[in-house]
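S.K.: Numbering (UniProt numbering), first residue to last: 1 to 203. For glycine and all other residues, C-beta sits at the position ideal for the given N, C-alpha and C.
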Amino acid sequence: MDNRLSLSENIAVVTRACRFFLYNIRRIRPFLTTHSTQLLVQAMVLSRLDYCNSLLAGLPASAIRPLQRIQNAAARLVFNLPRHSHVTPLLIDLHWLPAMARIKFKTLVLAFQAVQGSAPPYLQKLIRPYTPARSLRSASSGRLVPPPLHTSTRSRCLSVLAPRWWNELPVEVRTTESLTTFKRRLKTHLFKLHLSPPLPTSL
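Below, the structure written as structure tokens:
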């Protein structure tokens with residue numbers, strides 16, 4: 001079976017499950033506070049969007065769009081807003097990364113664990129720190145071994161995507177030693193990259 005087809009089927013299963021939970025939460029939304037709705041949505045919906053989502057890394061935006069629609073609906077439900085409300089300010093208020101960024105986040109966390117030696121051995125073999133032949137300043141920049149030059153830029157392999165995305169991170173993110181600090185810095189970086197706050201309106 002084509003890998004992309006099987007992933008598309010998996011996305012369809014996830015979105016159906018999420019719609020079911022959104023429907024049921026919406027029924028009791030009048031009795032919930034905004035905060036309790038957020039907690040419920042994160043536990044029942046976002047957790048399903050995030051489960052093993054690194055497997056979706058490298059898929060085109062069109063394939064991920066159903067997951068983003070679910071997240072948009074979830075954000076509107078938290079704030080009890082109508083279907084066509086602009087969602088970007090809501091994601092910013094909730095501090096939720098959009099679906100594509102969440103996939104990138106999970107992939108880069110796996111890369112961090114591989115670098116730190118806490119990932120399974122097979123991941124540590126796929127994702128390796130870059131060690132230059134001579135002692136250069138770049139040796140301390142926390143880069144990973146890049147994919148071979150002949151590798152297609154469209155390859156979805158973790159061994160290709162993870163080093164490419166990792167090496168694009170700011171030095172202060174990829175040289176972090178603590179997982180907690182790395183996650184915080186990575187989320188801040190991706191948040192700025194994918195969710196630009198709206199310009200303030202004139203008074």
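Any idea what DSSP makes of L144, helix, strand or coil?
M.R.: Numbered from its first residue, the sequence shown carries residue 144 at position 144. L144: strand per DSSP, three-state reduction.
S.K.: Let me make sure I understand the geometry here. Which of H95, Q116, P147 and K125 has the alpha-carbon closest to that of L190?
M.R.: Counting from 1 along the sequence shown, the entry for residue 190 is found at position 190. Out of H95, Q116, P147 and K125, H95 has the C-alpha closest to the C-alpha of L190.
S.K.: Under the assumption that V109 contacts I127 (Cβ atoms under 8 angstroms), give the Cβ distance between them as a whole number of angstroms.
M.R.: In the sequence shown, counting from the first residue as 1, residue 109 sits at position 109. In the sequence shown, counting from the first residue as 1, residue 127 sits at position 127. Contact doesn't hold; Cβ gap of about 12 angstroms is too wide.
S.K.: Contact between the region 51-60 and the region 31-39: three or more CB pairs below 8 angstroms?
M.R.: As far as the Cβ criterion goes, the region 51-60 does not touch the region 31-39, which means the pair count is below three.
S.K.: What does P129 pair with, by DSSP beta-bridge criteria?
M.R.: As a working mapping, residue 129 is identified with position 129 in the sequence shown. Paired residues: L144.
S.K.: CB-CB under 6 angstroms to A74, same chain, minus the five flanking residues each way: which ones, in chain order?
M.R.: For the purposes of this step, residue 74 is taken as residue 74 along the sequence shown, with counting starting at 1. The answer, listed in chain order, is V41 and V45.
S.K.: In angstroms with no decimal places, state the Cα-to-Cα distance between T188 and W166.
M.R.: Locating residue 188 in the sequence shown gives position 188, counting from the first residue. Locating residue 166 in the sequence shown gives position 166, counting from the first residue. Near 15 angstroms, if we compare the C-alpha coordinates of W166 and T188.
S.K.: Would you give the residue range spanned by the alpha helix (DSSP H) that L195 belongs to?
M.R.: Translated into the one-based positions of the sequence shown, residue 195 becomes position 195. That residue, L195, is in no alpha helix (DSSP H); it is neither H nor E in DSSP.
S.K.: Around the C-beta of L179, are 16 or more other C-beta atoms found within 10 angstroms, so that it is buried, or is it exposed?
M.R.: The residue given as residue 179 occupies position 179 in the sequence shown. Label assigned to L179: exposed.
S.K.: What does the Cβ neighbour count give for R174, buried or exposed, with the cut at 16 atoms within 10 Å?
M.R.: Position 174 of the sequence shown, counted from the start, is the residue given in the question as residue 174. Counting Cβ neighbours within 10 Å, R174 comes out buried, since at least 16 surround it.
S.K.: Tell me which same chain residues have a C-beta within less than 6 angstroms of the C-beta of A57, skipping the five on either side of it?
M.R.: Residue mapping note: residue 57 aligns to position 57 of the sequence shown, counting from 1. Taken in chain order, the residues that qualify are I103, T107 and L161.
S.K.: So for R83, helix, strand or coil by DSSP?
M.R.: Start at 1 with the first residue of the sequence shown, and residue 83 comes out as number 83. R83: coil per DSSP, three-state reduction.
S.K.: To the nearest angstrom, how far is it from the Cα of P129 to the Cα of P146?
M.R.: Locating residue 129 in the sequence shown gives position 129, where the first residue counts as 1. Locating residue 146 in the sequence shown gives position 146, where the first residue counts as 1. Cα to Cα, P129 sits roughly 9 angstroms from P146.
S.K.: Helix, strand or coil: which one does DSSP assign to E172?
M.R.: Taking the first residue of the sequence shown as 1, we reach residue 172 at position 172. Of the three classes helix, strand and coil, the one that applies to E172 here is helix, per DSSP.
S.K.: If we ignore side chains and look at the alpha-carbon of each, how far apart do C18 and T131 end up?
M.R.: The residue you call residue 18 lines up with position 18 of the sequence shown. The residue you call residue 131 lines up with position 131 of the sequence shown. Distance between the alpha carbons of C18 and T131: 44 angstroms.
S.K.: Whole angstroms are fine: how far does the CA of R156 sit from the CA of E168?
M.R.: The sequence position of residue 168 within the sequence shown is 168, counting from 1. The sequence position of residue 156 within the sequence shown is 156, counting from 1. The alpha-carbon atoms of E168 and R156 are separated by roughly 17 angstroms.
S.K.: Quick check: what's the CA-CA separation for A35 versus Q113?
M.R.: By 1-based counting over the sequence shown, the position of residue 35 is 35. By 1-based counting over the sequence shown, the position of residue 113 is 113. The question names Ala, but residue 35 in the sequence shown is His. Roughly 32 angstroms between the two C-alpha positions.
S.K.: Just list the alpha helix (DSSP H) runs in the region 98-123, keeping only unbroken ones of 4 residues or longer that don't cross its boundaries, in chain order.
M.R.: For the region 98-123, whole alpha helix (DSSP H) runs of length 4 or above, ordered along the chain, are 99-116.
S.K.: Rounded to whole angstroms, what is the Cα-Cα separation between H194 and M100?
M.R.: The sequence position of residue 194 within the sequence shown is 194, counting from 1. The sequence position of residue 100 within the sequence shown is 100, counting from 1. Roughly 9 angstroms between the two C-alpha positions.
S.K.: Go through its chain and collect everything with a Cβ distance to S8's Cβ below 7 angstroms, but skip five positions before and after it.
M.R.: The residue labelled residue 8 in the question sits at position 8 within the sequence shown. Excluding positions up to five away in sequence, the list reads A63.
S.K.: Between A12, R185, P98 and L39, which has its C-alpha nearest Q71's C-alpha?
M.R.: Position 71 of the sequence shown holds residue 71. Ranking the options by Cα distance to Q71, first place goes to P98.
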